[in-house]
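To convert a position in the sequence shown, counted from 1, into the numbering used here, add 517. Note that beta-carbon positions come from the ideal geometry of N, C-alpha and C, so glycine has one too. No experiment lies behind these values; they were computed from the predicted model shown. Take a look at the structure set out below.
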Amino acid sequence: MQQLQFEEKWDKTISDQDRRKIEEVFEETKNHDDFEFEPVTLWQANNHKDELLVTALLHNRSDKTVSFNDVHITYKTLDAPIAERDFNIPRLQIPPTTSMPWTFIFPDSKVDDPTLGVLNIT
518 MQQLQFEEKW DKTISDQDRR KIEEVFEETK NHDDFEFEPV TLWQANNHKD
568 ELLVTALLHN RSDKTVSFND VHITYKTLDA PIAERDFNIP RLQIPPTTSM
618 PWTFIFPDSK VDDPTLGVLN IT
């Protein structure tokens, strides 16, 4: 059975409003059987450095731990890529049948369109 887990720092600092949104999306998407691994975009923002922040709920529905060592992530709309970057995040380990929120930072990228894009992870 799929469970929602927050990384320790997230669990201590996340706002009640953001936690409720994540829990709501988790309940709506946890049982999709189409993919063993599925990122679901929650929100996007530009920070004070004009970096693009993309927060996603990462569903690992497989029976293996998913790690983020040397992965390439593209954030795109239906029309075109918005940002892409190689990530190496050793502390991001998603256990089997677990979903976890995470924010990916894309330096030198900015988005003005409020329409959420899709994360492709390879």
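Tell me the residue span of the alpha helix (DSSP H) that contains Thr-582.
Counted from its first residue, the sequence shown places residue 582 at position 65. That residue, Thr-582, is in no alpha helix (DSSP H); it is neither H nor E in DSSP.
From Asp-580, Glu-601, Thr-614, Gln-519, pick the residue whose C-alpha is nearest to that of Glu-544; which is it?
The sequence position of residue 544 within the sequence shown is 27, counting from 1. Of the candidates Asp-580, Glu-601, Thr-614, Gln-519, the one whose C-alpha sits nearest the C-alpha of Glu-544 is Gln-519.
With DSSP as the reference, identify every bridge partner of Trp-619, one or two as the case may be.
Within the sequence shown, numbered from 1, the residue matching residue 619 stands at position 102. Answer is Ala-573.
For Thr-620, the nearest candidate out of Phe-552, Glu-541, Glu-568 (CA to CA):
Residue mapping note: residue 620 aligns to position 103 of the sequence shown, counting from 1. The shortest Cα separation from Thr-620 among Phe-552, Glu-541, Glu-568 belongs to Glu-568.
Pairwise C-alpha distance: Asn-548 and Asn-563
In the sequence shown, residue 563 corresponds to position 46, counting from 1. In the sequence shown, residue 548 corresponds to position 31, counting from 1. Those two C-alpha atoms are separated by around 31 Å.
Between Asn-586 and the rest of its own chain, which residues show a CB-CB distance below 8 Å, the 5 nearest in sequence each way excluded?
Here residue 586 refers to the residue found at position 69 of the sequence shown. Excluding positions up to five away in sequence, the list reads Asn-605, Ile-606, Pro-607.
In three-state DSSP terms, what is Arg-537?
Taking the first residue of the sequence shown as 1, we reach residue 537 at position 20. Note: Arg-537 maps to helix in three-state DSSP.
Please report the residue range of the beta strand (DSSP E) in which Asp-603 lies.
Locating residue 603 in the sequence shown gives position 86, where the first residue counts as 1. That run of the beta strand (DSSP E) goes 598 to 611.
In whole angstroms, give me the CA-to-CA distance for Thr-615 and Glu-553.
Reading the sequence shown from its first residue, position 98 is the one you call residue 615. Reading the sequence shown from its first residue, position 36 is the one you call residue 553. Rounded to whole angstroms, Thr-615 to Glu-553 spans 11 Å at the Cα level.
Run through DSSP, which three-state label would Val-557 get?
As a first step, residue 557 is located in the sequence shown; it is residue number 40 there, counting from the start. DSSP places Val-557 in strand when its eight states are reduced to three.
On the DSSP bridge list, what partners appear for Lys-593?
For this step, residue 593 is matched to residue 76 along the sequence shown. Pro-598, Val-635.
Would Pro-598 be called buried (16 or more neighbouring beta carbons within 10 Å of its own) or exposed?
The sequence position of residue 598 within the sequence shown is 81, counting from 1. Exposed is the call here.
Residue nearest to Met-617 in terms of C-alpha spacing, selected from Thr-632, Pro-556, Thr-639
To locate residue 617, count along the sequence shown from 1; it is residue 100. For the residues Thr-632, Pro-556, Thr-639, the minimum Cα distance to Met-617 belongs to Pro-556.
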